[in-house]
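Asks: First the structure, which I've put down as structure tokens, then a few questions once you've had a look.
Number of protein chains: 2
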Amino acid sequence: MSLSKTEEQLMEIIWKKGEIFMKEIIETYPDPKPATTTIATLLKRMQVKKFVGYQLYGNSRAYFPLIKKSDYFSKHVNGMIKDYFDNSALQFASFFATNTKLSQNELEELKKIVEAQIKKGES
Amino acid sequence: MSLSKTEEQLMEIIWKKGEIFMKEIIETYPDPKPATTTIATLLKRMQVKKFVGYQLYGNSRAYFPLIKKSDYFSKHVNGMIKDYFDNSALQFASFFATNTKLSQNELEELKKIVEAQIKKGES
DNA sequence: GAATTTATTCTACATTTGTAGAGTTAACTC
DNA sequence: GAGTTAACTCTACAAATGTAGAATAAATTC
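Which chain is which? The protein sequence lines are A and B, in order.
If you read the first sequence in our numbering, its first letter stands for residue 30, the second for the next number, and so on.
If you read the second sequence in our numbering, its first letter stands for residue 30, the second for the next number, and so on.
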């Protein structure tokens, strides 16, 4: 079971806050804000799909993610690599480095990250 | 308008071949193969969405992509960066480098790619 | 404590997606 | 040329998704 685009957006709001009340969720949306019932429905479905849970505080619910954003995107990206880049992470990385607008500075940063990652693996 | 997961899979088949006939499409799918009508429906929808076109050869159609795979994934990945990584490509790159299982060799390769990209920008 | 606000469930309905049968037509096969 | 195969259109239908009203219940406010 995976999330739809709209559910993913909501999920992102929940990830950002870590724990969030209905009222805050609605506030987060830009106008025109969705009806609370709409959000309630999404939250319900996401609970069924085991992506969010909630903690009762007195009588109100604080919703929280049941999956880490990094895990979610790992799966997501790895799925993409598998399905559309011949299962080659490198191919994807190459595509990414050449097709995304990274500034010189960002490229330098990225280089550092990669180097650090290499170091890490060497130990 | 964007493609659903299933349509994307079919799109990938079309990208791979560049130009492809119905029969070949079906052959590409693993068992249990979908009904030809299923594929026909998907193709029809993808034509409406302007993702594929076809060229008549005598009486049969050779389907081909109307969008380049690199363009499609650029949009895709950039959308992901925008929606879930604070619009920071670097943040995504960092996530990618640390969360995807790249071998030492692949990391070295990636480093080279990044370096090449840096060189390119310097000119 | 009556009136208002807020959150929740239940129900509903339109749209999109996944899948494919029925029917048609052209092509291919003896 | 009668029978088989292939591809296409049209129709259909179930499931998933996007959106929200009605009803209810609790909390907040005068």
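Note that beta-carbon positions come from the ideal geometry of N, C-alpha and C, so glycine has one too.
1. Looking at the unbroken beta strand (DSSP E) that takes in A/L136, where does it start and where does it end?
2. DSSP three-state label for A/Y101, please.
3. Compare the C-beta of B/G150 with all C-beta atoms of chain A and state if any pair is closer than 8 Å.
4. Residues of chain B with CB under 7 Å from A/N107, in chain order?
5. Taking a Cβ distance cut-off of 7 Å, strictly less, list which residues of the segment 110 to 122 of chain A are near chain B, in chain order.
6. Does chain A have any CB closer than 8 Å to the CB of B/K135?
7. Please state if the CB of A/I49 and the CB of A/A91 are separated by a distance shorter than 8 Å.
8. List, in order along the chain, the chain A residues whose C-beta lies closer than 7 Å to that of B/A126?
9. Taking its Cβ as the centre, do 16 or more other Cβ atoms sit within 10 Å of B/N64, making it buried, or is it exposed?
10. For A/L139, which residues in the same chain have their Cβ closer than 7 Å to its Cβ, ignoring the five residues on either side in sequence?
11. Taking just the CA atoms, how far does A/I54 sit from A/P94?
12. May I ask you to report which of helix, strand or coil DSSP gives A/G108?
13. Are at least three pairs of beta-carbons, each pair with one atom in the segment 119 to 136 of chain B and one in the segment 115 to 134 of chain A, less than 8 Å apart?
14. Given a limit of 9 Å on CB to CB distance, which residues of the segment 54 to 76 of chain A reach chain B?
15. With a Cβ-Cβ cutoff of 8 Å, do A/Q146 and B/L39 count as a contact?
16. Could you tell me the boundaries of the alpha helix (DSSP H) in which A/S123 lies?
17. Interface residues of chain A around B/Q38 at Cβ under 8 Å?
18. Which chain A residues are close to B/S103, counting only those with a beta carbon under 8 Å from its beta carbon?
19. Within 8 Å of any Cβ in chain A, is that where the Cβ of B/L32 sits?
20. Closest Cβ-Cβ distance between A/S89 and chain B: below 8 Å?
21. Are the CB atoms of A/F102 and B/Y113 within a distance shorter than 8 Å?
22. Per DSSP, which one or two residues make a beta bridge with A/P94?
23. Looking at chain A, is there any beta carbon in it that lies within less than 8 Å of the beta carbon of B/L95?
24. At a CB-CB cut-off below 7 Å, which residues of chain B make contact with A/L139?
Replies: Taking the geometry as given:
1. Here A/L136 belongs to no beta strand (DSSP E); instead the alpha helix (DSSP H) covers 133 to 151.
2. helix
3. yes
4. T129
5. D112, Y113, A118, L119, A122
6. Per the sequence shown, residue 135 of chain B should be read as Glu rather than Lys. It does: the Cβ of B/E135 has a partner Cβ on chain A nearer than 8 Å.
7. yes
8. I142, V143, Q146
9. The sequence shown places Ala at residue 64 of chain B, not Asn. Counting Cβ neighbours within 10 Å, B/A64 comes out exposed, since fewer than 16 surround it.
10. L131
11. 13 Å
12. helix
13. yes
14. none
15. no
16. 118 to 128
17. D112
18. N128, T129
19. no
20. no
21. yes
22. A/V81
23. no
24. L119, A122, V143
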